[in-house]
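By the count of my numbering, the sequence shown reaches residue 1795 at its end, each step adding exactly one.
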Amino acid sequence: MPSYTAPAKDAQFILHDVLKVSGQDIPGYNELEPEFTGAVLEEAGKIASAVLHPLNVVGDTEGCRLENGVVYTPNGFKDAFEQVKEGGWPGIDMPEEFGGQNMPYVIGTAVGEFFSAANQAFTMYQGLTHGAASAILAHGTDAQKHTYLPKMVSCEWTGTMNLTEPHCGTDLGLMRTKAEPQDDGSFRISGQKIFISSGDHDMAENIVHLVLAKIPGGPEGIKGVSLFIVPKFLVNEDGSLGERNGVSVGKIEEKMGIHGNSTCVMNYDGAVGYLLGEEHKGMRAMFTMMNEARVGVGMQGLAQAEAAYQNALEYAKDRLQGRDVTGAKNPDGPADPLIVHPDIRRSLMDQKSFAEGARAFLLWGATLIDQAHRAGDKDADGLISLMTPVIKGFLTDQGYDMTVQAQQVYGGHGYIEEWGMSQYTRDARIAMIYEGANGVQALDLVGRKLGQHGGKYVLAFFDLVKSFCQDNKDISEAYTKDFIKPLQAASKDLQAAGMFFMQNGMKDPNHALAGSYDFMHLFGQVCLGLMWAKMGKAAQEALDAGAGDAAFYETKLATGRYYMARRLPATKLHLARIESGADTVMALDADAF
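(1) Tell me where the beta strand (DSSP E) around H1403 begins and ends.
(2) In the DSSP assignment, find the unbroken alpha helix (DSSP H) run with S1718 in it and report its ends.
(3) Taking the C-alpha atoms as reference points, what is the distance between D1676 and L1540?
(4) Going by DSSP, what residue range makes up the alpha helix (DSSP H) through R1576?
(5) Roughly how many angstroms lie between the CA atoms of D1534 and L1254, to the nearest whole one?
(6) Opposite T1362 in the DSSP bridges: which residues?
(7) DSSP state of I1431, grouped into three classes?
(8) Let me know if Q1690 comes out buried or exposed under the rule of 16 or more other beta-carbons within 10 Å of its beta-carbon.
(9) Short of 6 Å in beta carbon distance, which residues of its chain neighbour A1213, apart from the five on each side in sequence? Order them along the chain.
(10) For the region 1647-1683, which segments carrying the alpha helix (DSSP H) assignment without a break, of at least 4 residues, lie completely within its bounds, in sequence order?
(11) I need the straight-line Cα distance from Y1470 to L1365, nearest angstrom please.
(12) What is the DSSP secondary structure of M1203, reduced to helix, strand or coil?
(13) Let me know the alpha helix (DSSP H) ranges lying completely inside the region 1252-1333, each 4 residues or longer, listed in chain order.
(14) Comparing alpha-carbon positions, which option in Y1350, F1324 and A1747 lies nearest A1334?
(15) To which residues of the same chain is M1788 closer than 8 Å at the C-beta, ignoring the five residues directly before and after it?
(16) Helix, strand or coil: which one does DSSP assign to P1418?
(17) Got a sec, what are the start and stop residues for the beta strand (DSSP E) I1454 sits in?
(18) Using the three-state DSSP reduction, which class does G1616 fall into: helix, strand or coil?
(19) To which residues does DSSP link D1471 through a beta bridge?
(20) Please go through the same chain and pick out, in chain order, the residues whose beta-carbon is closer than 7 Å to the beta-carbon of I1780, but skip the five residues on each side of it.
(21) By alpha-carbon positions, which one of V1611, I1632, M1766 and G1472 ends up nearest to A1680?
(22) What does the alpha-carbon distance come out to for the pair D1219 and F1397?
(23) Report buried or exposed for G1613, applying the criterion of at least 16 other Cβ atoms within 10 angstroms of its Cβ.
(24) Within 10 angstroms of the Cβ of T1360, are there 16 or more other Cβ atoms? Answer buried if so, exposed if not.
(25) Could you have a look at Y1765 and say whether DSSP puts it in helix, strand or coil?
(26) By alpha-carbon positions, which one of I1431, Q1697 and G1783 ends up nearest to K1709?
(27) On the DSSP bridge assignment, give the partners of C1357 in chain order.
(28) Closest to A1514 by C-alpha separation, out of S1669, F1663 and M1551, would be which residue?
(29) Got a sec? Which residues, its chain only, sit under 7 Å from K1280 by beta carbon, not counting five neighbours each side?
(30) Rounded to the nearest angstrom, what separates G1657 and A1714 at their Cα positions?
(31) Rounded to whole angstroms, what's the CA-CA distance from G1401 to L1777? Just pull it up for me.
(32) With three or more C-beta pairs closer than 8 Å as the rule, is the region 1442-1457 touching the region 1368-1387?
(33) Indicate the three-state DSSP secondary structure (helix, strand or coil) for K1694 in the structure shown.
(34) Please state whether DSSP places R1525 in a helix, a strand or coil.
(35) Return yes when the Cβ of I1431 is within less than 8 Å of the Cβ of G1472, no when it is not.
(36) Does the separation of the CB atoms of M1491 and G1314 fall below 8 Å?
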């Protein structure tokens, strides 16, 4: 059975050596001293390894079941959920006013990676609740906040998001779910939603659904969509639970992965709902949840890659196959371990350099969210808005690829279920699809985010990279060669791609859109290149200062050099594709396929 150990040491390195969180001018960050964050991450790691991870295979093999209208989660999930609730983990970064611990989002993100890597399907129950609670916190009335948030922050009640319908996914303007106004100010919600993660289960007293629906007589398309709070059980004025609402589970979806999460078809039959935010402004309110969820899904791509890598590494060290071409490394045994072979090393280095770079990228993004929300920094908000489709799309595409590489290390055993590697690949696959399929993320990045405020935020990113390179080009000749020059070259590729879009996209938008997916990946590669340049600098500084555990910092530098030399040059491939334009992409008529 696979194992998992939370990478707390690496997270600490990123938080303190690279991001220097306790010195940042963000409210609450002065409390993030190494001893404090270390204690939090150590405890989170224990929960992840000892409580959540043993249930990962249980959830995968048992799945959820629907009996007489009740959804039952896999054996052990309910007890584990109680332990997570007792530790206050669901509300780690939620306001104290509603029972949370009010820690910065960056700490919640680090903890979230550990939990997701240990058991993604399980962690989704609290993750979706966090997102729904955030939407109510941002857009709800005072009465709604006090009715729902204390119970949701503690996960006594859980939450969902209901967008997709059988006939519409991305194009939500086509939805048919209706919300009929009532004399008491409530609405009656009728319609069907599909693919609803954590849609129903036996681990919470109540489930608070956030449902997109159309109020009759409103504008056509997406401008006529509103968002509603629709609880499974109605809530009485004293906060106690009342009668069952008109919402039921049609079926549990049979999925490729995340079997331990109850992905449901939800039927709304005149269910009582309460408007969240303004009429016909539902997408604005829902995007509070969706943007948080997209960063969380990017985290899932990293988490599955990390867990898969840990097991592939262990297997490569133990499995004896063939001989090292330069001479036997295990002369007393029948063969050498897999890890001696260069192609296995390449695969493991791909995985290791991705996971560590992605972790830094994700945590840096989380600091931008804290800067935006805690310090009211609009520029930070604009930058993380630009980065969100990159975090979601690039990290999940690459994360899935890394689980495949980890599976490949096992050879035939990777294809056999009892070894557990296929679960990482199957669970990682959904992250490329939900919360906006990755092709949509690429279109959002190129079609909307690049041009926002006259391109202000993408130009700010270019300046950020340029300033870093300029400020650190004299650290050492080796650092400049290994980190600064590759980053500068990759950044030039990204700028050239943006220039191509500007020069050609206005004449024919297809020239931009046909290159959007490559642009998202090009952007992601540059972001990880920047992170590795930052980590390389921090590691070198630690070595120069004579910090303890020199082997850790030497390993960090070697891994960074690998990424810059072997992974980052992918920017040139993506640029070549982008600059080829749309003509070859759009050459065939639809009936010629």
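Backbone N, C-alpha and C fix where the C-beta goes; we use that ideal spot for every residue, glycine too.
So, from the data block:
(1) Looking at the DSSP string, H1403 is not in any beta strand (DSSP E), and its letter there is neither H nor E.
(2) Taken as a continuous stretch (DSSP letters only), the alpha helix (DSSP H) holding S1718 covers S1718 to D1746.
(3) If you take the alpha carbons of D1676 and L1540, they lie about 40 Å apart.
(4) Per DSSP, R1576 belongs to the alpha helix (DSSP H) from P1544 to A1577.
(5) Taking the Cα positions, D1534 is about 39 Å away from L1254.
(6) Under DSSP, T1362 forms a beta bridge with H1411.
(7) In the three-state reduction of the DSSP assignment, I1431 falls in the strand class.
(8) Taking a 10 Å sphere around the C-beta of Q1690, we find 16 or more other C-beta atoms and assign the residue as buried.
(9) Sequence-distant Cβ neighbours of A1213 in its own chain, meaning closer than 6 Å and more than five residues away, are L1243 and A1312.
(10) As far as the region 1647-1683 is concerned, its whole alpha helix (DSSP H) runs of at least 4 residues are 1658-1674.
(11) Distance between the alpha carbons of Y1470 and L1365 is about 13 Å.
(12) DSSP places M1203 in coil when its eight states are reduced to three.
(13) As far as the region 1252-1333 is concerned, its whole alpha helix (DSSP H) runs of at least 4 residues are 1258-1264, 1279-1288 and 1307-1320.
(14) Closest by alpha carbon: Y1350.
(15) Once the five neighbours on either side are set aside, the close Cβ partners of M1788 are N1712 and A1716.
(16) Note: P1418 maps to coil in three-state DSSP.
(17) Residues V1449 to I1454.
(18) Judged by DSSP in its simplified three-state form, G1616 adopts helix.
(19) In the DSSP output, where bridge partners are listed per residue, D1471 has S1392.
(20) A1699, F1702, G1717, D1720 and F1721.
(21) Taking only the C-alpha atoms, the option nearest A1680 is M1766.
(22) Answer to the nearest angstrom: the Cα atoms are 41 Å apart.
(23) Looking at its Cβ environment, which holds fewer than 16 other Cβ atoms inside 10 Å, G1613 is exposed.
(24) Around the beta carbon of T1360, 16 or more other beta carbons lie within 10 angstroms, which makes this residue buried.
(25) Helix.
(26) Selected option, being the one with the closest Cα: G1783.
(27) Beta-bridge pairing links C1357 to no other residue.
(28) For the residues S1669, F1663 and M1551, the minimum Cα distance to A1514 belongs to M1551.
(29) Excluding positions up to five away in sequence, the list reads D1404 and M1405.
(30) One C-alpha to the other measures close to 15 Å.
(31) Taking the straight line joining both Cα atoms gives about 42 Å.
(32) By the Cβ test, the region 1368-1387 is not in contact with the region 1442-1457, since fewer than three Cβ pairs between them sit closer than 8 Å.
(33) When DSSP states are grouped into helix, strand and coil, K1694 belongs to the helix group.
(34) If DSSP states are grouped into helix, strand and coil, R1525 belongs with coil.
(35) Taking 8 Å as the cut-off, the beta carbon of G1472 is found no closer than this to the beta carbon of I1431.
(36) No.
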